[in-house]
Amino acid sequence: MFICSNVLFEYAQQVKNLGNTLLELLSEALGLKPSHLADIECNQAQVLLCHYYPPCPQPELAIGTSRHSDGGFLTILLQDEIGGLQIFKEERWVDVTPTPGAFIVNIGDLLQLISNDGFRSVEHRVLAKNVAPRVSIANFFGTHIDPTSTRIYSPIKELLSDKKLPLYRETLASDYIKHYYSIGLDAKTAISHYQL
Ligand SMILES: O=C(O)CCC(=O)C(=O)O
Ligand SMILES: [Fe+2]
1 MFICSNVLFE
11 YAQQVKNLGN
21 TLLELLSEAL
31 GLKPSHLADI
41 ECNQAQVLLC
51 HYYPPCPQPE
61 LAIGTSRHSD
71 GGFLTILLQD
81 EIGGLQIFKE
91 ERWVDVTPTP
101 GAFIVNIGDL
111 LQLISNDGFR
121 SVEHRVLAKN
131 VAPRVSIANF
141 FGTHIDPTST
151 RIYSPIKELL
161 SDKKLPLYRE
171 TLASDYIKHY
181 YSIGLDAKTA
191 ISHYQL
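Residue numbers (full-length UniProt numbering): 1 to 196.
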């Protein structure tokens, strides 16, 4: 137990470093200073979710994880070699084939919101498999999970102009989190509720 938790804390720290580097690169890609996304606390909350999918005797009748897009800003996902992860692209499901040693990085809904659709979150799901158990570790960078937080997110003003109007309204972080969990998976994406 002790050894396992040490490894997990070390993993979380390393993934956090990677996430911070990615947020710098994403800030620059938006034409902002490298620290912009960290300055507005896109990395404020880090949540590690370890998934275990038991082998399923009738995978065609079940689903591993239902269709959804991730709610936070950025996800760094590690999957094993079993496969089953799919993204919804151009109106069809596309396999994300496991690549040993590679992470999958997902844009989350809130990054779509603050980038005013500069970056898009992607819907994904995990199929049930009968070959063997599947394990994945999802690391989410999100926002204040504290329900009393007064942090507000809206499209970054440097990205707006007369030709680029805001596509989303100001969104209280705590409201957004409540809304995301209240609609559940398999629903339309949570940010559509905040669209102007
Ligand atoms: O297990 C996976 O590969 C994906 C899990 C996932 O989409 C999530 O935790 O949000
Ligand atoms: Fe996800």
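Glycine is no exception: its CB is placed at the ideal position from the N, C-alpha and C atoms.
Inset, instruction - Would you mind stating whether Y52 and V135 have Cβ atoms separated by less than 8 Å? - result: yes
Inset, instruction - Alpha carbon to alpha carbon, how far is S161 from R67? Give it in angstroms, no decimals. - result: 34 Å
Inset, instruction - Compute every distance between the C-beta of A45 and the non-hydrogen atoms of ligand 2, then say whether any falls below 7 Å. - result: no
Inset, instruction - Counting only the same chain and skipping the five closest in sequence on each side, list residues whose C-beta sits under 7 Å from that of N34. - result: The identity of residue 34 in the sequence shown is Pro, whereas the question assumes Asn. Answer for P34: E24, S27 and E28, listed in chain order.
Legend entry - Exposure label - C50; buried when at least 16 CB within 10 Å: Residue burial is scored here from C-beta neighbours: C50 has fewer than 16 other C-beta atoms within 10 angstroms and is therefore classed as exposed.
Inset, instruction - Using 7 Å as the cut-off, classify the Cβ of S66 as near or not near the heavy atoms of ligand 1, replying yes or no. - result: no
Inset, instruction - Please indicate yes or no: does the CB of T21 lie closer than 7 Å to some heavy atom of ligand 2? - result: no
Inset, instruction - Label L30 either buried or exposed according to how many other C-beta atoms from any shown protein chain fall within 10 Å of its C-beta, with 16 as the threshold for buried. - result: buried
Legend entry - Alpha-carbon spacing of G108 relative to I82, whole angstroms: 24 Å
Legend entry - Proximity test, V7 beta-carbon vs ligand 1 heavy atom, cut-off 7 Å: Outside the cutoff, so no.
Inset, instruction - Using only the heavy atoms of ligand 1, determine whether one of them is closer than 7 Å to the beta carbon of S121. - result: no
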